[in-house]
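Residue numbers (this note's numbering), protein chains in the order written: chain A, 90 to 202; chain B, 30 to 141.
Using N, Cα and C, we set each Cβ at its ideal position, and we do this for glycine too.
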C-alpha cells in the first residue's frame, strides 16, 4: 500500500520544546496539505504545497510553525517552543488532479505537557 | 467566507435504520463537495464526492446529492450496519483555493 504516511504517530513533549513531524505523500501526488484537528472538531487547514512551493498559509499558522517540502517529495512541519494549546492531531494529505480529492495520512497526535 | 455546517451529533440508530446526516454550506464560487469518514483509530477516508450541481455521489450504499438551490449535501443510507459507526465529515473545496473546509463532524453509532 503506498498511501500517505506520517511519522511519528504519537509525540509527547514538554512545553517549550521543539517538535518536527514528517509526511510522505502518495508518490505521484504534487500537492501536499497540513491540517490540525482538535477533539470533537473537523480538521482545520494550516498550509499547502504544490511541488516544493508553499502556496498558502492559514492565519492559524503562527510564527512558531514552519513547514517545508524540499524537492517536492516529503514534507516536515516544525513547531518551536510548543504550548499546551498546540496539543492536537496533525494531519497530512496529498492530491493530484483538478477536483482536489485529498487522501489523508493517519495523523500525528501531539500532546504538550 | 466559506463554511460548512453539519447536524449536531451524536446520532444513535439501530441496525437497518435509515440514515440522514444534514450538511449545508456557504461558499464563494462553485465548490466541490465531499463526505469523509473517520473510523475509530483510523485516518480520514474519502467516502464520496460531487463536483457540480445535481451531481450525486455514492459509495458503500451511501449517497449525497449536490443541491445548489438549498446549498446542501445531505448524506443518506437506506439501511445502516454496525460497521458504519464512525465520525462523518462534510467538506467543501472552492476551485483555486485548494484547501478543504470541514464541518465539525457527526458521530454515528449503530446498535445491533
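In this chain, residue 98/A is not harboured by any beta strand (DSSP E), its DSSP state being neither H nor E. Assignment of residue 84/B by DSSP, reduced to helix, strand and coil, places it in the coil class. Neighbours of residue 134/B in chain A, taken as residues at a C-beta separation under 8 Å, are given in chain order as 129, 130, 131. Taking residue 144/A as reference, the option from 152/A, 132/A, 157/A with the minimal CA-CA separation is 157/A. Scanning its chain for C-beta atoms nearer than 6 Å, with the 5 sequence neighbours on each side dropped, one finds around residue 137/A the residues 122, 144, 145, in chain order. The C-beta of residue 194/A comes closer than 8 Å to at least one C-beta of chain B. In this structure, residue 93/A keeps its C-beta atom at 8 Å or more from the C-beta atom of residue 199/A. Approximately 12 Å separates the beta-carbon atoms of residue 91/B and residue 119/B; this is outside 8 Å, ruling out the contact.
Counting of Cβ neighbours within 10 angstroms places residue 73/B among the buried residues, the total reaching 16 or more.
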